[in-house]
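Student: Numbering (the numbering used here), first residue to last: 28 to 178.
Cβ atoms here follow ideal geometry from the backbone N, Cα and C, with glycine treated the same way.
#1: Near residue 151, which residues of its chain fall below 6 angstroms by C-beta distance, leaving aside the five closest residues on each side in sequence?
#2: Who are the Cβ neighbours of residue 154 in its own chain at under 8 angstroms, not counting the five residues just before and after it?
#3: Beta-carbon separation of residue 68 and residue 137 under 8 angstroms?
#4: Between residue 35 and residue 95, is the Cβ-Cβ spacing less than 8 angstroms?
#5: Note down the Cα distance separating residue 163 from residue 64, rounded to an integer number of angstroms.
#6: Since I believe residue 114 is in contact with residue 178 (beta carbons under 8 angstroms), could you give me their beta-carbon distance rounded to a whole number of angstroms?
#7: Between the C-alpha atoms of residue 170 and residue 116, what's the straight-line distance to the nearest angstrom?
#8: Please name the residue in 139, 167 and 176 whose C-alpha comes closest to that of residue 29.
#9: Just curious, the alpha helix (DSSP H) that residue 43 is in, first and last residue?
#10: Measuring alpha carbon to alpha carbon, tell me which of 99, 145 and 58 ends up nearest residue 84.
#11: Since I believe residue 48 is in contact with residue 59 (beta carbons under 8 angstroms), could you give me their beta-carbon distance rounded to a whole number of angstroms?
#12: Curious, which full-length beta strand (DSSP E) runs of at least 3 residues does the segment 88-166 contain?
#13: To the nearest angstrom, report how far apart residue 110 and residue 31 are at their CA atoms.
#14: Would you give the residue range spanned by the beta strand (DSSP E) that residue 63 belongs to?
#15: List the whole-angstrom C-beta distance separating residue 79 from residue 33, where the pair is believed to meet the contact cut-off of C-beta under 8 angstroms.
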């Protein structure tokens, strides 16, 4: 089964990420230099990957062409100063999957995972992974119904 990942972010500055960044600074995370947020979708499907990616990138429920940009690749960490952390709900919500399959005729989708990716930029001389986990647990997630994964 082919798998593709879709990363969706805003074309304009994200107010949620900006507010979270300032809150984290007030909480004492001064080594954090920037914070970005993007929606994450992972599709398991049958059929041709290129054709699927071309179609799924045009679905306005996932990508509003007026306000969103999307990619099928996560930017690499060339400078070594950033960490990507994925926050996912523990319980699967099949509402989006059902809408894509039934209303939008994506019957070839077999599996869908979704979450939020927070990209954290740090000073280079700190334990970035440990700090990112602390930030996720302190503000970006609720451990009672969400989990995190370092990407």
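Tutor: Taking the geometry as given:
#1: In the chain shown, counting from the first residue as 1, residue 151 sits at position 124. If you ignore the 5 residues before and after residue 151, its C-beta comes within less than 6 angstroms of the C-beta of 108, all in its own chain and listed in chain order.
#2: Along the chain shown, one-based indexing puts residue 154 at 127. Taken in chain order, the list of residues that qualify is empty.
#3: Counting from 1 along the chain shown, the entry for residue 68 is found at position 41. Counting from 1 along the chain shown, the entry for residue 137 is found at position 110. No; because the gap between Cβ atoms is not below 8 angstroms, this pair is not in contact.
#4: The residue you call residue 35 lines up with position 8 of the chain shown. The residue you call residue 95 lines up with position 68 of the chain shown. Taking 8 angstroms as the Cβ cut-off, residue 35 and residue 95 qualify as a contacting pair.
#5: By 1-based counting over the chain shown, the position of residue 163 is 136. By 1-based counting over the chain shown, the position of residue 64 is 37. CA-to-CA, the gap between residue 163 and residue 64 works out to about 12 angstroms.
#6: By 1-based counting over the chain shown, the position of residue 178 is 151. By 1-based counting over the chain shown, the position of residue 114 is 87. That pair is no contact at about 11 angstroms.
#7: In the chain shown, residue 170 corresponds to position 143, counting from 1. In the chain shown, residue 116 corresponds to position 89, counting from 1. Distance between the alpha carbons of residue 170 and residue 116: 9 angstroms.
#8: Your numbering for residue 29 matches position 2 in the chain shown. Across the set 139, 167 and 176, the C-alpha of 139 shows the shortest separation from the C-alpha of residue 29.
#9: Position 16 of the chain shown holds residue 43. Here the alpha helix (DSSP H) through residue 43 covers 42-53.
#10: As a position in the chain shown, residue 84 is number 57, starting the count at 1. Answer by Cα proximity: 99.
#11: Position 32 of the chain shown, counting from 1, holds the residue named residue 59. Position 21 of the chain shown, counting from 1, holds the residue named residue 48. Contact holds; Cβ gap of about 7 angstroms.
#12: 95-98, 109-116 and 136-149
#13: Mapped onto the chain shown, residue 110 falls at position 83. Mapped onto the chain shown, residue 31 falls at position 4. Those two C-alpha atoms are separated by around 21 angstroms.
#14: Taking the first residue of the chain shown as position 1, residue 63 is located at position 36. Boundaries of the beta strand (DSSP E) around residue 63: 59-72.
#15: As a first step, residue 79 must be located in the chain shown, where it is residue number 52. As a first step, residue 33 must be located in the chain shown, where it is residue number 6. In fact, because the Cβ distance is near 10 angstroms, the residues do not count as touching under 8 angstroms.
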